[in-house]
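Read through the structure below, which is laid out as structure tokens, and then see the notes.
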Amino acid sequence: MTIIESIRIALRSLSANKLRSALTMLGIIIGVAAVISLMGIGRGAQQAIDRQINSMGTNLIFVSPGSINQGGVRSGQGTAQTLTYDDAVALATSGLSAVAAVAPEVRTFGQAVYMGNNVNTQIVGVTPEYETVRNYRVQSGEFISAGNVTARSTVAVVGANIVTTLFNGEDPIGQTIRINNVGFKVIGVLEAKGGGGFGNQDDQILVPLTTVNTRLQRGNFRGSNLVSQISVQATDASQMDLAIQQISEVLRERHKIRFEDDFTVRSQQDLLETATQVTGILTLFLGGVAGISLLVGGIGIMNIMLVSVTERTREIGIRKAIGATRGNILAQFLTEAMVLSVFGGFIGVGLGAVMARVISAAPLGGTLVLNSVVGLDSVLLATIFATAVGLFFGIYPAYRAASLNPIDALRYE
Amino acid sequence: MIELENVYKIYRMGDSEVHALDGVSLKIEAGEWVAIVGPSGSGKSTLMNVIGCLDQPTAGSYKLDGVEVARMNDRDLARVRNRKIGFVFQTFNLLPRTTALANVELPLIYAGVRDRRPRAVEALERVGLGDRLHHKPNELSGGQQQRVAIARALVTNPAIILADEPTGNLDSKSGAEIMELFHQMHTQQGLTIVMVTHDPDIAAQCERVIHIRDGKIIGDEHNGDRRKVPGIAEQMKPSDSVILESVAAGATR
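As they're listed, the protein sequences go chains A and B.
Numbering of the first sequence is given in our numbering, commencing with residue 1 and proceeding in unit increments.
Numbering of the second sequence is given in our numbering, commencing with residue 1001 and proceeding in unit increments.
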């Protein structure tokens, strides 16, 4: 008896009980669809985060202030105010072989007002290097110049979203906005970077670094020289480790450090790895939840197959009487279970892909776009898993059917 | 062709042993038409199952075409049932929701025959159901269903037809038609037919009647070769055998 023959017999007996077969398959369909769509979402989240980290620039090293250690209690990273603009200047001018560019930044929150509109957003104090190091592009107008920084000019370069939220889509160049009651002339608009997650880059307003410290910061911070972070671009991907070492040496010397660094140096790669780890766990978790539903679907198949064997005891007896071997009967019931699970698997893959597409289309948290990715591997995985489920849960009922004694089976009412 | 020697079939029911077959020795030659008669519980169905390779004897030897069946494994037994034996049951035992044609094709599937349809159609035409190929069992009368079952038994060209009360569930007219069909199979194709029955009228139509009671053969008589007699109507009168009368009494008891 060929495989095609077995499949034909299986299809015939499954179609004899269409509703029951469909309901049994539903378990597998939902399981596989869940695996496909949830893994797609996890994958999409991973790619979105990767994209965002990569959009920050290339070969980046982030230097942040260390944490305050007060009376044995360690506060969060960046709570100490140890990094200064002078540190950044020193890193740029020490002639470090592995360092290509240095871009310090200072971040604060502010309210920007234009006409009747206002928006609360991040104000980032930057230097001209920020544009290239952090991979920003000016869509119109110009970026903050070195002259702006030395002159502490009140000029601003706004993110793409600001144009819509504050200017209702009009051309903002040349207009004056008020940030924390200080007037700033808009000299440029940034190209949209997309993405979301940790503070949307398109919602920022960039101003000269020195202006933030002298005009926008409040209280103790006003007039200080502090920076929130220094982005350093290494000359080459292979020079990252050397760059980190050189940066650390210069800063330790400047800060006169003997024991513990009061700053943290992390590469873009570290960020990416952390993010990948987090999203990887997320994907695994989602896949696991979906896998459980697939397992439940498999138990459904086993249940129905057991009922089916009991119900068709007489049929099994007839088949044996006219020449079916144990192997034939085993193959028949196993094929039925497999047909259920494989068909369910295929339909589930289709449904899962549609679900992933629908979820991608739905806006999640503002401009964050989750392009869920249904990879060939997850399709294969789900199909193979569904088949394995069918095989695993089909074996016992099929074995029961095959071991029936033909005489008893024929007498069964 | 069929050779049983001192065959025992013992069932264990709790502590007690039931001897369904108690030392049966029997020889059936190719081309014979044999009836096995006996009251219910006499062991005739067990004998039939053993002959049909559905069951294996507890002790003794059963040779089919000179091959010892008692030592066969599941696969060989299935092959023998498929190739050498055709079954006809009292309750027809057709697959429900399956067309007559598909039912008749079934043994050919297990035989590994590729070009099944023409053979199945031919078998159905032989039993006079050429116009009912795509009817399902529930769309056929009892007599027609039994014809489908006979076509299914014939389709693999077996040497032996085993029939277990083939007319038991039929009215007398359909029963007579089915018997006519067996008669044809016997006379025209020389098939060996073994038929279990408790109906003396049916037994009388067979060439040889074997009486069984309590697992033992208690009588074996020959009615003459049916192949030499043209019609069947005159064969309907019961045999005047004394033993047969006693069996008939047992059956109606």
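For each residue, glycine too, the CB sits at the ideal point set by N, CA and C.
These numbers were taken from a predicted model, which means no experiment stands behind them.
{"query": "Interface residues of chain B around ALA337/A at Cβ under 9 Å?", "result": "Correct list: empty, because the minimum Cβ distance to chain B is about 20 Å."}
{"query": "Using a Cβ-Cβ cut-off of 7 Å (strictly less than) and excluding sequence neighbours within five positions of ILE316/A, which residues of its own chain qualify?", "result": "ILE329, ALA401, LEU404, ALA409"}
{"query": "How would you label SER238/A, buried or exposed, when you count the other beta carbons within 10 angstroms and need 16 or more for buried?", "result": "exposed"}
{"query": "Determine contact between the region 225-234 of chain A and the region 97-108 of chain A, defined as no fewer than three beta-carbon pairs at a distance below 8 Å.", "result": "yes"}
{"query": "Going by alpha carbons, who is nearest to LYS1216/B out of ALA1020/B, ASP1199/B, ILE1010/B?", "result": "ALA1020/B"}
{"query": "Would you say SER228/A and GLN217/A are within 9 Å of each other, going by their C-beta atoms?", "result": "no"}
{"query": "Alpha carbon to alpha carbon, how far is ALA1123/B from LEU1154/B? Give it in angstroms, no decimals.", "result": "7 Å"}
{"query": "Could you give the DSSP three-state label for VAL182/A: helix, strand or coil?", "result": "strand"}
{"query": "Go ahead and label SER140/A buried or exposed: buried means 16 or more other beta carbons lie within 10 angstroms of its beta carbon, across all protein chains shown.", "result": "exposed"}
{"query": "ARG1075/B touches chain A at which residues, Cβ-Cβ below 8 Å?", "result": "THR325, ARG326, GLY327"}
{"query": "Would you report the Cα separation of LEU286/A and ALA34/A, rounded to the nearest angstrom?", "result": "9 Å"}
{"query": "In terms of residues, what are the limits of the alpha helix (DSSP H) holding LEU1154/B?", "result": "1142-1154"}
{"query": "Please go through the same chain and pick out, in chain order, the residues whose beta-carbon is closer than 6 Å to the beta-carbon of ASN331/A, but skip the five residues on each side of it.", "result": "The sequence given here places Ala at residue 331/A; Asn does not occur at that position. Within the same chain, ALA331/A has close Cβ partners SER6."}
{"query": "In whole angstroms, give me the CA-to-CA distance for LYS1237/B and HIS1211/B.", "result": "Caution applies to LYS1237/B, whose pLDDT of 45 falls short of 50 and renders its modelled position unreliable; the model cannot decide the point."}
{"query": "Considering only residues of the same chain and omitting the five flanking positions on each side of LEU1101/B, which have a CB-CB separation below 8 Å?", "result": "ARG1117, ALA1120, VAL1121, LEU1124, LEU1133, HIS1134"}
{"query": "Can you tell which of GLU191/A, MET115/A, GLN268/A has its C-alpha closest to the C-alpha of SER181/A?", "result": "Contrary to the premise, residue 181/A reads as Asn rather than Ser in this sequence. Nearest C-alpha to ASN181/A: MET115/A."}
{"query": "Per DSSP, what kind of secondary structure is GLY288/A in: helix, strand or coil?", "result": "helix"}
{"query": "So which residues on chain B does ALA16/A lean against when the C-beta distance must stay under 9 Å?", "result": "PRO1096, ARG1097, THR1098"}
{"query": "Pull out every residue of the region 309-322 of chain A whose Cβ sits closer than 8 Å to any Cβ of chain B, in chain order.", "result": "ARG314, GLU315, GLY317, ILE318, ARG319, LYS320, ALA321, ILE322"}
{"query": "Determine which residues share a DSSP beta bridge with LYS256/A and list them.", "result": "In the DSSP output, where bridge partners are listed per residue, LYS256/A has none listed."}
{"query": "Please state if the CB of ASP1199/B and the CB of THR1167/B are separated by a distance shorter than 9 Å.", "result": "yes"}
{"query": "Using a Cβ-Cβ cut-off of less than 7 Å, list which residues of the region 1208-1226 of chain B approach chain A; keep chain order.", "result": "none"}
{"query": "Is ARG51/A close to chain B, meaning its C-beta is less than 9 Å from at least one C-beta of that chain?", "result": "no"}
{"query": "At least one CB of chain B closer than 9 Å to the CB of PRO406/A: is that the case?", "result": "yes"}
{"query": "List, in order along the chain, the chain B residues whose C-beta lies closer than 7 Å to that of LEU410/A?", "result": "ASN1093"}
{"query": "Work out the CA separation of ALA103/A and GLU129/A for me, nearest whole Å.", "result": "5 Å"}
{"query": "Which chain A residues sit within Cβ distance under 8 Å of LEU1047/B?", "result": "Simply none; closest approach about 12 Å."}
{"query": "Does the Cβ of PRO1096/B have 16 or more other Cβ atoms within 10 Å, making it buried, or fewer, making it exposed?", "result": "exposed"}
{"query": "What first and last residue would you give for the beta strand (DSSP E) that runs through HIS1222/B?", "result": "1216-1222"}
{"query": "For GLN1188/B, count neighbouring Cβ atoms within 10 angstroms of its own Cβ and tell me buried if that reaches 16, exposed if not.", "result": "exposed"}
{"query": "Determine the chain A residues that contact PHE1087/B at a beta-carbon separation under 8 Å, and present them in chain order.", "result": "ALA321, ILE322"}
{"query": "Check the Cβ-Cβ distances between LEU1054/B and every residue of chain A, and say whether any is below 9 Å.", "result": "yes"}
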